[in-house]
Structure formats: structure tokens, C-alpha cells
Amino acid sequence: MLLPSIRLHQRITGLVIAALTFAVFGCGSGEPWKTSHPVSGTVTYKGKPVKDAELAFFPLDERSPESVRPLAKTKESGEFVVGTYDRDDGAPAGQYKVTVVHHEIVVSKGGMGTKPNDLPKKYAMKETTDLIIDVPAGGAKLPPFELK
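Add 833 to the 1-based position in the sequence shown for our numbering, that's all there is to it.
So, in C-alpha cells, the structure goes:
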């Protein structure tokens, strides 16, 4: 009588192990974890640093997964450090189109909101931006983005 119960337990254990193995190794999106390299730079508009601008880096390599989207936000000095998988961890090597937007935060009695983007519209979309960078293995200090 115990024998069928042991076999059932073994089958269940085997199924659980198989399911866990599949979940850990087989269910991933297939996106490779790429090494990040340090990337930093500055943003200016009309010769002045842009504080709190938001930058998004779009890989030009079509094989790059959608989830690889390096981002950055400028400090008061206009300086930024790029992060992909963690804050300020850099970006995978490759070429990128860069978008830059700036929305001033407005606080009122009714709550908090943002004003429309106050930088030139061409920098707001990956289809129209002319900012293209190359991140080499080992990282880079980018030339300043001088928006016009």
C-alpha cells in the first residue's frame, strides 16, 4: 500500500523540479543580459545647462531587446549619468538615438502636474531626434548635447 504513495510522491517531486527548472531557465524572454559601461554627459539649451531633463537612449541595433532602454536625468549643472539595469550603471555597448525632454513641475492647490515639454520638439521622439551616440566597451564621457 505504501508503494503507490511513494511513486506518486516521486512523480510529484519530479514534476515540481521540472516546472521550477523550466520557470527559471526556460520562461525567460530570451533577452541577453548585457554588460553596462559607464556613460555620462551634459545637456545645454541656448548655451545654458538644462536641469531635470529626461533622456532616453534607443538602441540602433534591431536585435537589441525592447527592455534595454538606458535612461538618465540631468542635475542642476546639466550633467547626467546613464543607467540601464540599475541607477547610474551605464549602458550596453552600441549605438543609440537619444531623446531629451524637459517638463517643468507645477505645484498648485489642486495638486501637482507638469507643463508641456519646453525643449525643441525634434529631440522628443526617436524618429525625429538627430542625437546619435556610440557607447564603446569601457564606457564614455559623451560630447555635450547642445540643443538648438
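A virtual CB, placed ideally from N, CA and C, is assigned to each residue, including glycine.
Please confirm whether Arg-867 and Val-901 have their CB atoms less than 8 angstroms apart. Numbered from 1 along the sequence shown, position 34 holds the residue referred to as residue 867. Numbered from 1 along the sequence shown, position 68 holds the residue referred to as residue 901. Position check: residue 867 holds Lys in this sequence, whereas Arg was assumed. Yes.
So Lys-906 is in the beta strand (DSSP E); what residue range does that whole segment cover? As a first step, residue 906 is located in the sequence shown; it is residue number 73 there, counting from the start. Unbroken beta strand (DSSP E) run through Lys-906: 904 to 906.
When the distance is taken between beta carbons, is Ser-869 closer than 8 angstroms to Glu-912? Numbered from its first residue, the sequence shown carries residue 912 at position 79. Numbered from its first residue, the sequence shown carries residue 869 at position 36. The answer is no: Cβ separation not under 8 angstroms.
What three-state label does DSSP hand Tyr-929 in the structure shown? Taking the sequence shown and counting its residues from 1, the one referred to as residue 929 is at position 96. Tyr-929 falls in the strand class under three-state DSSP.
What does the Cβ neighbour count give for Thr-961, buried or exposed, with the cut at 16 atoms within 10 Å? If you number the sequence shown from 1, residue 961 lands on position 128. Thr-961 comes out exposed.
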